[in-house]
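First comes the structure, then the notes that go with it.
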Amino acid sequence: MGRETKYYIVSAEALPEIFVKVAEAKRMMQTGECDTVGEATQMVGISRSAFYKYKDAVQPFNDLKTQRIITFYGSLKDAPGVLSSVLGCFAQSGANILTINQSIPVNGCAGVTIAAETSHMVESLETLLDNAEGIEGVVKFEVLAGG
C-alpha cells in the first residue's frame, strides 16, 4: 500500500551520536524545554541542518514488549470518512483504541492523536502504519510514543 519503509529497534548505544542528539532535540521541543529548533540544536550540540536532515527518520521508541500502549499521530485531510477508515485499520489490526483526539481542521488538514493498547494485535505495527498511511486523505501517520 505505498511505502516500503522498514523499522528497526536499535539500542541507542549502537546508533551514531547524531541520531541520539536529534531525538533529544525533538524531545526537548515537545516537552517545552526549548521553544525553537535553533535553541534545541544548540543545547544538544548539533547543527540545524543535521536536525532537519534526520528529524523525520529518528523516533524514540520505548520497549514495546513491556509497554503496550502506543500513541499514534496522523495528519488527515478534512474529508468525510478519512478518520473512520483509519479507525478501521485499528480494528482490523486488533489494536484496542483507548483515546482519540482530533483538532479542528486548519488549511484543510486536522491532526489526530490515537492512543491504543496493542498487546492483542494480529498484524505488525509496521503493517498498521502502512495501512493507515495508504488511506486516501491521510497525509502522515506515525508512532508518536510508546508507553
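Numbering (the working numbering), first residue to last: -18 to 128.
Even for Gly, the Cβ is constructed at its ideal location relative to N, Cα and C.
Return helix, strand or coil for residue i, following the three-state DSSP convention.
i: Y54; result: strand
i: E123; result: strand
i: L79; result: strand
i: A113; result: helix
i: V87; result: strand
i: Q40; result: coil
i: G26; result: coil
i: T108; result: helix
i: Y(-12); result: coil
i: A31; result: helix
Would residue i pass as a contact of residue j if the rule is Cβ separation under 9 Å?
i: A4; j: I51; result: no
i: V93; j: L110; result: no
i: S66; j: V103; result: no
i: S56; j: V119; result: yes
i: A31; j: A21; result: no
i: Y76; j: H101; result: Note that residue 76 is Ala in the sequence shown here, rather than Tyr. Closer than 9 Å, so yes.
i: G26; j: K2; result: yes
i: Y54; j: K121; result: yes
Based on the DSSP output, what are the partners of residue i in its beta bridges?
i: E(-6); result: Per DSSP, none; premise fails for E(-6).
Output the boundary residues of the beta strand (DSSP E) element that contains residue i.
i: E98; result: C90 to E98
Alpha helix (DSSP H) containing residue i: first to last residue?
i: A72; result: V63 to S74
Length at least 4, wholly inside the region -3 to 23: the alpha helix (DSSP H) runs in chain order: For the region -3 to 23, whole alpha helix (DSSP H) runs of length 4 or above, ordered along the chain, are -2 to 12.
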